[in-house]
Ligand SMILES: [Zn+2]
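Residue numbers (the numbering used here): 7 to 352.
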């Protein structure tokens, strides 16, 4: 593990250069806005960015590191920020898990009027801000329209479609970007000690989110599903319908159909890559190389294409809430037929 004890630093954030340069510029010039929307999926690093920016704003003696301004990590404010007990850094608490109601925001509004305890700023972090009801948003709007000079509000959101236009127009929106797969992979190796194979596979499935990749890495269900899926795909041409049915029953019951679909697509993609490039360097399932080389030589190109079409069809059907078990069974039967179309004399 490479983690330093103090976690609220910009140096820990990977792949969000545009946002970081915007926030660094604000720190450097003092041109801090009263409200930001950090827009990105769960696990994309919104909390990390919010914590680092807050710590730097509240820090008694920020450090210059290269061209970056970092919180010092040693002053009382930094130590309190790290411990979650800085009185000038408040995370909104809500009554209901499902939504942020007008009462939650009213409590916050009353608190905003109280001056900061010791810093020049008082920062509010609102997690799941997209869950604010319209009434809550209207209550927040009053603060956004006439904020006290010291107030900074950080809205962490997964999508902005639920926000009223009036809220959007008062906030600086900072969209988080998916992190390139290679950077996710390197991060899993360097920070989490993942081996090459698992780093590559989890990075592939992360959708560019380091948080999701880290979860997958530690998720035993995912590891088990991966093994079971490889197992059935390796011998699919000899598998009977009953074996397929029992495999699917298990996978569908665990509500892992999305991961299952992705695993099968990735497997098929590896066969296609191996077949078309005659190389193995870009494979994801690097611990199955020998088998993939052999399989890629026997299954026809049309078969591989038919298999990936079968998976895409299944994915579309699953989105429209059809019977998942039946859909996955049919998909695997189609893949079996596709993988049986072998090349002869080519
Ligand atoms: Zn400090």
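Every residue, glycine too, gets a C-beta built ideally from N, C-alpha and C.
The structure displayed is predicted, hence computed values, not measured ones.
Residue range of the beta strand (DSSP E) that includes residue i
{"i": "residue 71", "result": "69-71"}
{"i": "residue 131", "result": "128-132"}
Through-space distance from residue j to residue i, alpha-carbon basis
{"i": "residue 347", "j": "residue 243", "result": "10 Å"}
{"i": "residue 293", "j": "residue 210", "result": "15 Å"}
{"i": "residue 154", "j": "residue 96", "result": "15 Å"}
{"i": "residue 295", "j": "residue 324", "result": "30 Å"}
{"i": "residue 109", "j": "residue 78", "result": "36 Å"}
{"i": "residue 214", "j": "residue 139", "result": "29 Å"}
{"i": "residue 262", "j": "residue 308", "result": "28 Å"}
{"i": "residue 274", "j": "residue 280", "result": "10 Å"}
{"i": "residue 245", "j": "residue 164", "result": "42 Å"}
{"i": "residue 18", "j": "residue 342", "result": "45 Å"}
{"i": "residue 56", "j": "residue 178", "result": "14 Å"}
{"i": "residue 197", "j": "residue 247", "result": "43 Å"}
{"i": "residue 326", "j": "residue 319", "result": "11 Å"}
{"i": "residue 206", "j": "residue 256", "result": "26 Å"}
{"i": "residue 11", "j": "residue 201", "result": "Because the pLDDT at residue 11 is just 47, under 50, the model does not fix this residue reliably, and the point stays unresolved."}
{"i": "residue 81", "j": "residue 13", "result": "14 Å"}
{"i": "residue 297", "j": "residue 216", "result": "30 Å"}
{"i": "residue 158", "j": "residue 167", "result": "22 Å"}
{"i": "residue 253", "j": "residue 70", "result": "56 Å"}
{"i": "residue 304", "j": "residue 251", "result": "25 Å"}
{"i": "residue 40", "j": "residue 48", "result": "24 Å"}
Residue from the options with nearest C-alpha to residue i
{"i": "residue 33", "options": "60, 52, 287", "result": "60"}
{"i": "residue 173", "options": "192, 52, 345, 141", "result": "141"}
{"i": "residue 44", "options": "91, 102, 120, 131", "result": "131"}
{"i": "residue 101", "options": "92, 94, 93, 111", "result": "111"}
{"i": "residue 16", "options": "75, 42, 35", "result": "75"}
{"i": "residue 271", "options": "183, 118, 126, 289", "result": "289"}
{"i": "residue 86", "options": "65, 72, 73", "result": "65"}
{"i": "residue 301", "options": "115, 321, 276", "result": "276"}
{"i": "residue 264", "options": "232, 118, 237, 286", "result": "232"}
{"i": "residue 53", "options": "113, 224, 161", "result": "161"}
{"i": "residue 268", "options": "228, 135, 284", "result": "228"}
Start and end residues, alpha helix (DSSP H) containing residue i
{"i": "residue 95", "result": "Looking at the DSSP string, residue 95 is not in any alpha helix (DSSP H); the run it does join, the beta strand (DSSP E), is 95-97."}
{"i": "residue 325", "result": "307-325"}
{"i": "residue 304", "result": "295-304"}
{"i": "residue 140", "result": "140-151"}
{"i": "residue 341", "result": "330-345"}
Cβ shell of residue i (< 7 Å), same chain only, five flanking positions each side left out
{"i": "residue 258", "result": "330, 331, 334"}
{"i": "residue 352", "result": "The pLDDT assigned to residue 352 is 44, lower than 50, so where the model puts this residue is not dependable; a value taken from the coordinates is nonetheless given after this. If we look at residue 352 and ignore the five residues flanking it on each side, it has no Cβ neighbours."}
{"i": "residue 126", "result": "156"}
{"i": "residue 62", "result": "33, 68, 75, 76, 77"}
{"i": "residue 299", "result": "280, 286"}
Neighbour flag for residue i against chain B, beta carbons, 8 Å
{"i": "residue 338", "result": "Looking at the structure shown, chain B is missing, and only one protein chain is on hand."}
Neighbourhood of residue i by C-beta distance below 6 Å, restricted to the same chain and skipping five residues each side
{"i": "residue 21", "result": "185, 189"}
{"i": "residue 146", "result": "111"}
{"i": "residue 312", "result": "344"}
{"i": "residue 203", "result": "292, 293"}
{"i": "residue 316", "result": "337, 340, 341"}
{"i": "residue 278", "result": "310"}
{"i": "residue 50", "result": "182, 215"}
Check: residue i C-beta below 7 Å from any heavy atom of ligand 2
{"i": "residue 77", "result": "No copy of ligand 2 appears in this structure; the ligands present are ligand 1."}
At which residue ranges does the region 219-267 contain complete alpha helix (DSSP H) runs of 4 or more residues, listed in the order of the chain?
226-240, 247-259
Tell me the start and end of each unbroken alpha helix (DSSP H) in the region 153-226 that is at least 4 residues and wholly inside, in chain order.
171-176, 187-198, 202-210, 216-224
Unbroken alpha helix (DSSP H) runs of length 4 or more, entirely within the region 30-118: which are they?
52-64, 82-89, 108-118
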